[in-house]
Amino acid sequence: MNELRLTVNGELRRADPGTTVAGLLRVMGIDPARVAVEKNRDVVPRATWAETGLSDGDKIEIVAFIGGGSGDGLGQAGSSEDPLILGGRRFNSRLLIGTGKYRTLEEGREAILRSGAEIVTVALRRVDLTPGKPNVLDTIDRTRHTILPNTAGCYTAEEAIRTCRLARELGIADLVKLEVIGDERTLFPDGAATLEAARVLVKEGFTVLPYCMDDPILAQKLEDAGCAAVMPLAAPIGSGLGIRNPYNLRIILERAKVPIIVDAGVGTASDAAVAMELGCHGVLMNTAIAGARDPLMMAEAMRDAIIAGRRAFRAGRIPRKLYATASSPVDGLIE
Numbered sequence: 002m003n004e005l006r007l008t009v010n011g012e013l014r015r016a017d018p019g020t021t022v023a024g025l026l027r028v029m030g031i032d033p034a035r036v037a038v039e040k041n042r043d044v045v046p047r048a049t050w051a052e053t054g055l056s057d058g059d060k061i062e063i064v065a066f067i068g069g070g071s072g073d074g075l076g077q078a079g080s081s082e083d084p085l086i087l088g089g090r091r092f093n094s095r096l097l098i099g100t101g102k103y104r105t106l107e108e109g110r111e112a113i114l115r116s117g118a119e120i121v122t123v124a125l126r127r128v129d130l131t132p133g134k135p136n137v138l139d140t141i142d143r144t145r146h147t148i149l150p151n152t153a154g155c156y157t158a159e160e161a162i163r164t165c166r167l168a169r170e171l172g173i174a175d176l177v178k179l180e181v182i183g184d185e186r187t188l189f190p191d192g193a194a195t196l197e198a199a200r201v202l203v204k205e206g207f208t209v210l211p212y213c214m215d216d217p218i219l220a221q222k223l224e225d226a227g228c229a230a231v232m233p234l235a236a237p238i239g240s241g242l243g244i245r246n247p248y249n250l251r252i253i254l255e256r257a258k259v260p261i262i263v264d265a266g267v268g269t270a271s272d273a274a275v276a277m278e279l280g281c282h283g284v285l286m287n288t289a290i291a292g293a294r295d296p297l298m299m300a301e302a303m304r305d306a307i308i309a310g311r312r313a314f315r316a317g318r319i320p321r322k323l324y325a326t327a328s329s330p331v332d333g334l335i336e
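In C-alpha cells form, the structure reads like this:
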C-alpha cells in the first residue's frame, strides 16, 4: 500500500505507511502539548504516541479545549476564612466562570481576572486544523486558575465519558463538570444518562461535578454515586431568567452533604445574590457576563454579588412578618 487513508476530525486525510500518531501531528503542524488524541474511539496515551502506528481506515480525533461553559488587586470572590471545598481542594472564590461567547479572547481573559473566579470552565472540541490558531488556554493563567473541563454538547453517557477521558489525557487533572443534554431545544440535562456517566467516572477516579435539573431525588442519587458536588440549574442555559424554583433548591440544600452550585440561568447580579442567600455554595455562569453590554463591569458586579449573598446567608436574615415592627423603642414617648 502506497498510502494510508485516514479520517481525521471527520475529514479524509492521506498519510505515508508507518506513520505514527506523533508523526501525524508533526506533519499537520499541531502542537502536541495542546491536544489529546483518540484512535477508533479509544484514547491514545500521550506516552505512546511515538510508537502507536496508524492503519488504513483509522478514525482519528484530535481535540483541544475551547471557550465554554459556562487577582490583579481586585480580590477574590470569597474569603480564605470561608472556603469552598471541592474534592478536598480549597477555593476562596465561590464564583465559577465560563470562557465562551466573549467577543475576543482578550476580553474573556480580563473578565476572568475581574470576576475573581478561581475555577474556569472550558469545553473540549475538535481542533481547528489550521496551524497557529489562538487557543482559549492561552488566556488563562494556570498558576492562578483551575481549569474545569466540561462535557458540553454531549447527548449520551458514552460521549460524556469519552470526553472526560480525553480531558484527563490533556493533563487537566481529574476535576470535571459533567453535562449530558437530553433535549436540543431546551438544553435540559438527561438525568438518567448523567447518573449513568457519573457512576462510571467516579469509579475511574474523576472528581465529578454534574449539571442537573433542580430535582431533589436526582440530586440525592448523584451525591450517593460519589459526586463531589451537585450543580442544579436555576433556569435554562443562557436564558437569564434567574432562579425559577427556589423551593426545590431549598429542599436540595437541606438534604445535601456536598456543595450545591447553581449552574445556568443566572441573568444579573441579583440572581447570583439570591442563590447565595438561599445557602448555595457557589454559582457557575457564562452568558450573564459574556453577553452583558459591558462584560467587564458585569464580571465585577457578579464578584461582589457572590460575596454579599454569601455574607447575608452567614449573617442570617430577619424573619418575614405580615405586620410592621417598630425600629425605635416605644418607651419614653412624649405624651
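Count along the sequence shown from 1, then add 1; that gives the number in the working numbering.
Glycine included, C-beta positions come from ideal geometry on N, C-alpha and C.
The structure presented is a predicted model; accordingly, all values stated were derived computationally and were not measured.
- Bridge partners of residue 144 according to DSSP: none are assigned.
- Residue pairing by DSSP places residue 212 opposite 232 in a beta bridge.
- Residue 326: not part of any alpha helix (DSSP H); DSSP gives it neither H nor E.
- Residue 219 places its beta carbon 8 Å or farther from that of residue 228.
- Beta-bridge analysis with DSSP links residue 21 to 54.
- For residue 249, the three-state secondary structure derived from DSSP is helix.
- Leaving aside the five residues that flank residue 168 on each side, the residues in its chain whose CB is nearer than 7 Å to its CB run, in chain order, 125, 150 and 177.
- For the pair residue 16 and residue 160, the Cα-to-Cα distance works out to about 28 Å.
- Membership of residue 178 in the beta strand (DSSP E) is indicated by the continuous run 176–179.
- With fewer than 16 other beta carbons inside 10 angstroms of its own, residue 316 counts as exposed.
- Here residue 34 is exposed. Its C-beta has fewer than 16 other C-beta atoms within 10 Å.
- Under the three-state reduction of DSSP output, residue 60 falls in the strand class.
- Nearest to residue 297 by C-alpha distance, out of 86, 104 and 12, is 104.
- Collapsing the DSSP output to three states places residue 240 in coil.
- By DSSP's assignment, residue 190 forms a beta bridge with 182.
- Judged by pairs of C-beta atoms under 8 Å, the stretch 281–295 touches the stretch 228–241, as three or more such pairs exist.
- The Cβ-Cβ distance between residue 203 and residue 194 does not fall below 8 Å.
- If you look at residue 164, you'll find it in the alpha helix (DSSP H) that goes 158–170.
- Shown here, residue 118 sits in coil according to DSSP, grouped into three states, outside any helix or strand.
- Per the Cβ contact rule, the stretch 301–309 is in contact with the stretch 87–97 (3 or more Cβ pairs under 8 Å).
- Residue 102 is bridged by DSSP to nothing; it lacks a bridge partner.
- In the displayed model, residue 33 falls within a helix according to three-state DSSP.
- The beta carbon of residue 190 sits closer than 7 Å to those of 180, 181, 182, 183, 212, 213 and 214, all from its chain and outside the five residues before and after it, given in chain order.
- Residue environment analysis places residue 13 among the exposed positions, since fewer than 16 neighbouring C-beta atoms fall within 10 angstroms of its C-beta.
- For residue 314, the closest of 293, 254 and 166 by C-alpha to C-alpha distance is 254.
- In the structure shown, residue 222 adopts helical secondary structure according to DSSP, grouped into three states.
- Around the C-beta of residue 244, 16 or more other C-beta atoms lie within 10 Å, and the residue is accordingly described as buried.
- With a threshold of 16 other beta carbon atoms within 10 Å, residue 290 meets it and is buried.
- Counting C-beta atoms within 10 angstroms of its own C-beta, residue 222 has 16 or more neighbours from the protein chains shown and is therefore classed as buried.
- Relative to the Cα of residue 287, the nearest Cα in the group 268, 276, 275 and 274 belongs to 268.
- Annotation: residue 37 to residue 162 spans about 15 Å, alpha carbon to alpha carbon.
- Counting along the chain, the unbroken alpha helix (DSSP H) around residue 309 starts and ends at 296–316.
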